[in-house]
Structures are given as C-alpha cells and as structure tokens.
Amino acid sequence: MISRAVLRLFALATLFVSIAYPPLAAQGVTAQGVVGEYTPPRVWPVRARSFDLLHQRIAVKFDVPHRLVTGEVTSRLTPLGAATDSIRFDAGNLTIDAATDAAGHSLRFRYDTSSVTIHLRKKAAPGDTVVFTLRYHTVPERGIYFVPRRGVIWSQGEATETRNWIPTYDASNDKATWEFLVTADTGESVLSNGRLVEVLPGADAAHKVWHWSQETPASTYLYSIVVGRLTILHDQWRGIPVEYWVDPDSVAAGWRTFGETPSMIETYSRVLGVNFPWAKYDQSVIPDFTYGGMENVSATTQTDLVLHTAGGEPEQSGRGLAAHELAHQWFGDLTTTATWAHAWLNEGLTTYMESVHEEKSRGWPAAQLNWWGQQQQAMGADVNNPRPLVWGKYEGDDPIALFFSGHIYPKGAQVAHQLRRLLGDSVFWAGMHRFLTDNAYKPVETRDYAIAFEKTCNCDLDWFFNQWAYGIGYPNVMVTRHWDEAGHVLHLTVAQTQAVDSTHPLFRFPVTVRIVTRDSVVRKEILVSKPSETFDLALPGAPLSVRFDEGGWLLGKVSTDFTSAELAEMARHDLDFSARIWALNELEGKHDSVAAETRRFLVLNESQWWLREQALTQMAEDKGPANVEASHSALRDPDSRVRVAALQTLAALDSAGADAPAKEMAQSDPNVAVRATALRVYTRDHSANALPDLVAATAVGLPTGFRQTAANVLGKYKDSRATEALERLTVSTEPRNLRMEALNDVVKQGDSARATALATKYLGDYDPLFAVAAVRALARIGGETGKATLRAALLKETRVTVRAAIQAGLNGPGM
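For the sequence shown, counting from 1, position 627 maps to 873 in our numbering; every step adds exactly one.
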C-alpha cells in the first residue's frame, strides 16, 4: 500500500486500524473487463501508416540572411499492408528540386503545400526495402527558426513542425533512426540527437560539417539541431556524457540551472528501474523559443529565459523545467503517444515525474505542494473547458492545441498520482517499470498504460481508467460527522455532489481518514463508491480532530462541516502539510476573528513558505492595523515569494504606506521578482514622478522579466517619454517576447496614429512571428488606412503564416 513515511512525524502513539475494501459485488459495481485486456470506452483514430520509415540521412545548410534551408535527405523504408509504387511524405511548403533512387536514377514526383509523392520505378512489396533521395529547399516559417541578433539557428518539431524543413513521415506513431550532416560556419557548434560521429571539413575553409547519428529509434517530431557560437559545459552520469550548451557569457548561470541534472537522471533511473536509455544527454538554451522546453531525444532544447542570476531564484529556478524535460527521455521519447489524443502519456507522466523529483530531493512537503498545485490546475481546467483527459478533437490543423487546455499536464500527472494511491508504492513503481519495458521504442495509447498496470497488480482497472482518463470532471465530496458517544462510533457520511451522467462519472476512490482522540491516532482506510454512504468508524474515545483524505491524495473538492475554530487548529498545527494547505484554503473568504488571527499566525510562524504566502494573499481583505503590521514584518521574510505577497498585500491594506518600502525594495532587494513587484507597486498610480524610474528599468542589461514589468506599466502612461522607451524595446536586437510586450503596450497607450506607424514598420520584420504580431496590431487599430496597408503588404508577402495573418486581419476586426 501507500508509503507511510510522512505519518512518522506524529509524536502521539499511533493505532492503525484498517477496513478492507469490500468486494465489487457488495458495492453494486461490476468488473468491466478482463485483466490485461483493457478496452477504452472511446477510441480516437491513429493515422494510418502505409510504410514503416526505417532511417533518414539528412544533410542541411543555411543561408541566414535569406532564411533559406537547402537540404538533401535519403530515406529508407519498407511498405506495409500492400505493394505500392508511390510513397507520400509530409512536406510543408517545401520546394522539391529532384528525386532519385538508390542507383541514382531520376524518379517522378509531385508536391504541393503539404506533401510530396514519390513514384517508384517499380512496385515494392511489404518487407521490401525502398531507398530514395530528395533534394529540396525552403524558406521555413516553422520548424527551423533563425535568430540573427544572437547568431543562433534552432529547430522545433512538436507537434507537426518537422515537415516544414524536412520531407518525412511527420506523425508520432512511427519510429526511425536518423543522421544529421549540418554545414555550419567554422566558429559555430552544432548540436543534434544521438552520438557525434565526426566533424568534417566543409566545401571551403569557412565551413565545417557536423555529423550526428541517432542510432536507436524515435519519432520524427524529435528531430533537432541547434547551431550557434555556444560554450559546452561537460558533466556526466555513470560515464554517459551530460552536457549543457550555453552562451559564452552564461557559464555560471548554465551550471546553476542544469548542474543538478546527473542526480535527476539517477533518481529517475532508480525509481523507474530503467536506466537512462540514450547515448548522451544534452541541454541547450536558445533565444526566442516558442515554448519553455522541448524534449528532443538526447538533446533537450530550452528557452534561454530558464537561465537566471542567483537573484532570480527561486521564482526563476530552471530545476522544474529541467526535471520535466529529462523525464520525457523515458515518457515521450522511449515510449511515445501514438496519437496526440493520448498526449498525457507524454506530458502528464513527465509532470508527475517532475514532482517525484521534488519528493526525492526536497522532501514530502515539497512534493505535496506540487500535487496540490496539479489538483487545482486540473480542476480549474474543467471550469471553462470540461472534457476528458483523452481527447482528440481540436480546432484548426495543428494538434498542439490539445496541449494547452489545462488538462493533459496536471490531470495526466494526477492520474498517475491516483493510481499510486490506489496500488501503493511498490506496485505503482513496478507498473511504471513494466509500462516502459513492455513498450520501449514503441508508440503507445492509454490502453497500453492500463494493461501494464493490470498485469502488474493482477487486477481489473477498467473502472479506474474509465473514470479518470475518459470521464469528465472530478469528485465533489461533502463530509459530515456524527459522534455516537454511547457506542464510541464516529458516523462519517460521504456524499458525492457533482453532476453524474453518461460522461460525468460517479467516482470510486480510496481515502485515509485520520482521527485524533485523547490518547491515540486512528487511521481508517475506506473506499468511496456511492452517491452517499455512511462509514461507521469505531474509536477508543471521542474524536478531537478528523482529517478526511490524509496526505491530500484525492483529485477532487472536499468540503466538510468543520467550524472555523477546527479549520484554524488544523491550519496552524497539523503535522501533515497537505492538511494545513486544505484548512487554510477552507478559511479563504472567512473574515471572523479566528480566521484573521490564523492568517497572521501563519505569516509569522509557519515553516513552509507557501502557507505564509497564501496567508498573506488572503490577508489582503482583512483590514486593520494588526494585518498592516504583519505585512510590514513579512517584507523581511527570508523567502522572496513571501516578500512578493507581502508587498501586494501591504499595497491593498495601506496604499500610502506601501510606497516607501516598495521604492526601496525595487532598488535593493536581491531577488528579481521582488524588485519587479516593488516597481509595479510604487508606480501603480502612474504618476509622472515614477516615469524616470520606469524608463530606467527598461535598460539593456537588466533582467528580461524586470524590463517586461516596466514595459507593461509604461503602457498605462499617455506620455511621449513612455512611448519612446517602448518603441526602443521593439527593435530587432531585443528578445521576441519583450518586443511583443512593448508593441502591445504602445497600442494600449491609445495613440492610434503612433501605434499604427509602429506596427506598419514591422510588417516585413525578419522574424515571421513578430511580423504576425505587427499584422494583428495593425488590423486591430489601423482602421481603413491600416487595412489598405495590409492589402498592399499582402501583394508582396511570401511567408505563409504572415499571409494568413494578413488575410485574417482583412476579413475580421483583428485578432
């Protein structure tokens, strides 16, 4: 069963009393399937494969000023199902220049904006090996990204971007091996997947060719190259190379951000029972990345925003992102979702492993905070977009939209957590091991994960996956108590109050109920499975406190009949961190003296930073001098996240009194987030006196987040000095996210003529993503003149994404 390590914290004598789970028949629940043969209630189609891609040898070179990619790819594959004389590859806006077979004979081909079809000289039967070479060129807007200001080129494949710079099979349900031969300037380094075979002389003295080989199979969306003048920091795990590729001026930040990687690899290898599965592990940091990180097999790419000074921690710590992307080397790379409908097998399981790293390296309370956060996010996702975890429906033509509904990361993580609670640690980790070993180098679906666990526990889990992966929502539980003094029995009534219908299930879940009496701690294991049921719990004496769901395992909302005094006692003194989290959240919105005093107590005495922060946040609605004093005290808290909350609460409680400490902290606090918050607090009235400080805060060399905060506040000023500062932030030498912030802030200032001129200036920007932002801004504010400008731009614009944005702007009120 579950680990009980946290329970050793209790100093009281402990009495363990368990209730065995009743048989399924007794609950009115019938087993739905056969062990090891899970059939999901809904199946999302997987892309049909007509061939198995075996290997690609890809040679590419770049013309950076013209954003041009020139390539030659030799592919080896074998037909599936039936003999064929044609092969269709995904090819997004590629120009195919020639096709030849293995003997060098020309092959006929045809291509359009989405694919290329190669006609073989004769039919190939299933099992035959087909080899052909395509020469091509393209000016890509996705897949390959050029950042001239930093001299960096990088690729991004997920979900369907690889096709925009390489003709290939661009779906996740096939795996292949590959090689890259990348021509780069002599002073540049090239990172790619797998093993570095050699670095060869180029066609002239100014170039070299880097030859990388990925020799174990993976999906093509994991293709990766990074080119730049980067410094390589060398580390290792059990003799396997572990390296960090950073800018030469970021060496200390690179070690600060990634130095824990070998111990992360050790943790994952041990708990999963599967050693790191690739030849090496590299992490590179690149500018203007479109996401936080990407788990390219053996060569993770991460945004350079993950790098931070010591003063940026803990808010800017890259540890969580590094742990998440590393976990993908098992979940996502070794096993890979066969279709994006099951993306939680990639993203949810790695989100869970990220919290497991917190558990193993920072302790149980740190992990509990992670799990609580996952639960809140998962439940929040259903507020605006109620849908199952496994879901293959999305608008548009890019399945990446499935990733950002708020479900697959936190709820996927919590499916694993609920399974761990149900089965216990030993069986859970054995199931994770079996899933990986049974499905290594294979595409997977939810049924494969379920089957691995059913075989491990030798039990039917159809009900579990039906409710958590294919059902909508979560249990909403109301717990009420009645103490029978004569019989020494606590009657605990548990009601599920969520809507129940064909898609919203009645949930079944185990719970630990912990009761403290005068001389004992009693734990009862119950299984909730009905709309309402009463559990009769025999006790040695009257209950002094009751904790439903000890450990905070349940993904669900728990309400009780507890009084403010009971909640306050739990929030202040319970030894289970999850109980203190739950109790404090139950006190939110209560403004009686007990709740107010509890918040002050936590701000001044709680050991865990998060509870101090949350107590301060709740305190913002508790007017009174005692709370102002407590907020002032918290400005000196050792944790910067608490200092941020203290600044915000003080501003709410004592607006005038917050200005002086905020101005001082904006200059002197060692933490970047605190300085940014302080800047926002003392400039919130948008007075002219604060304008020089805001302009100064946009200076080159300051942390990007600090500059972005200043830009956001400047957008509220109707002053030419503010506009000039923002316009300086839109130049091409600045990071894309800062440029976009500044452009949008100029628009917010309300000077439509100036904003229109600025947006017009950038319609042809080298960066297509920033050009799209300029198009959208102009469509929003430019009126008829702006639309005329867009129509003129459309006549000469060749980039597909920018053209699409222009057409959308012309057809509507803007985006």
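Every residue, glycine too, gets a C-beta built ideally from N, C-alpha and C.
A quick note: this is a predicted structure, and the numbers were derived from the prediction, not measured.
Sorted by chain position, which residues of the same chain lie with C-beta nearer than 6 angstroms to residue i's C-beta, five sequence neighbours on each side aside?
| i | result |
| --- | --- |
| residue 666 | 674 |
| residue 385 | 313, 314 |
| residue 484 | none |
| residue 249 | Here the model assigns residue 249 a pLDDT of 29, short of 50, so the residue's position is not dependable and the matter cannot be decided. |
| residue 892 | 862, 877, 880, 881 |
| residue 435 | 476 |
Report yes if the CB atom of residue i is closer than 8 angstroms to the CB atom of residue j, and no otherwise.
| i | j | result |
| --- | --- | --- |
| residue 736 | residue 789 | yes |
| residue 757 | residue 807 | no |
| residue 428 | residue 377 | no |
| residue 696 | residue 292 | no |
| residue 535 | residue 471 | no |
| residue 510 | residue 437 | no |
| residue 1001 | residue 1034 | no |
| residue 507 | residue 568 | yes |
| residue 557 | residue 549 | no |
| residue 740 | residue 725 | yes |
| residue 785 | residue 767 | no |
| residue 1011 | residue 1005 | no |
| residue 387 | residue 1046 | yes |
| residue 929 | residue 939 | yes |
| residue 329 | residue 409 | no |
| residue 729 | residue 648 | no |
| residue 523 | residue 575 | yes |
| residue 867 | residue 819 | no |
Run through the DSSP bridge pairs and tell me what residue i is partnered with.
| i | result |
| --- | --- |
| residue 474 | 435 |
| residue 381 | 318, 344 |
| residue 728 | 737 |
| residue 805 | 724 |
| residue 539 | 548 |
| residue 527 | 488 |
| residue 794 | 759 |
| residue 479 | 490 |
| residue 430 | 454 |
| residue 391 | 400 |
| residue 324 | 298 |
Considering only residues of the same chain and omitting the five flanking positions on each side of residue i, which have a CB-CB separation below 7 angstroms?
| i | result |
| --- | --- |
| residue 373 | 324 |
| residue 305 | 317, 318, 427 |
| residue 565 | 506 |
| residue 856 | 615 |
| residue 307 | 316, 429 |
| residue 341 | 382, 383, 384 |
Please name the residue in the options whose C-alpha comes closest to that of residue i.
| i | options | result |
| --- | --- | --- |
| residue 860 | 870, 894, 882 | 894 |
| residue 633 | 458, 751, 381, 595 | 751 |
| residue 479 | 647, 504, 458 | 504 |
| residue 320 | 329, 297, 350 | 350 |
| residue 927 | 540, 375, 969, 959 | 959 |
| residue 1007 | 996, 994, 1028 | 1028 |
| residue 746 | 565, 723, 366 | 723 |
| residue 744 | 432, 628, 832, 809 | 628 |
| residue 612 | 824, 770, 849 | 824 |
| residue 1053 | 1021, 1030, 1031 | 1021 |
| residue 431 | 399, 944, 405 | 399 |
| residue 414 | 563, 441, 363 | 363 |
| residue 289 | 997, 635, 397 | 635 |
| residue 490 | 521, 457, 528, 520 | 528 |
| residue 749 | 727, 771, 712 | 712 |
| residue 391 | 698, 519, 533 | 533 |
| residue 335 | 302, 309, 367, 884 | 302 |
Comparing the CB of residue i with every heavy atom of the ligand MN, is any distance shorter than 7 angstroms?
| i | result |
| --- | --- |
| residue 901 | This structure does not include the ligand MN; it has no bound ligands of any sort. |
Spatial neighbours of residue i within its chain, please: C-beta separation below 8 angstroms, excluding the five flanking residues on both sides.
| i | result |
| --- | --- |
| residue 513 | 602, 603, 606, 607 |
| residue 664 | 710, 714, 755, 799, 800, 801 |
| residue 463 | 421, 422, 423, 687 |
| residue 279 | 285, 706, 708 |
| residue 953 | 943, 944, 945, 975, 984 |
| residue 919 | 558, 561, 562, 886, 887, 890, 951 |
| residue 1014 | 387, 1045, 1047, 1048 |
For this session: Say whether the stretch 683-700 touches the stretch 759-775, bearing in mind that this needs 3 or more beta-carbon pairs closer than 8 angstroms, one atom from each stretch.
Result: In this structure the stretch 683-700 does not touch the stretch 759-775; the number of beta carbon pairs closer than 8 angstroms is below three.
For this session: Check whether the stretch 414-434 touches the stretch 1027-1042, counting contact only when three or more Cβ pairs, one atom from each stretch, lie closer than 8 angstroms.
Result: no
Exercise. Does the count of Cβ pairs from the stretch 491-503 and the stretch 649-663 closer than 8 angstroms reach three?
Worked result: no
Exercise. Would you say the stretch 975-986 touches the stretch 340-354, given that touching needs at least three Cβ pairs under 8 angstroms?
Worked result: no
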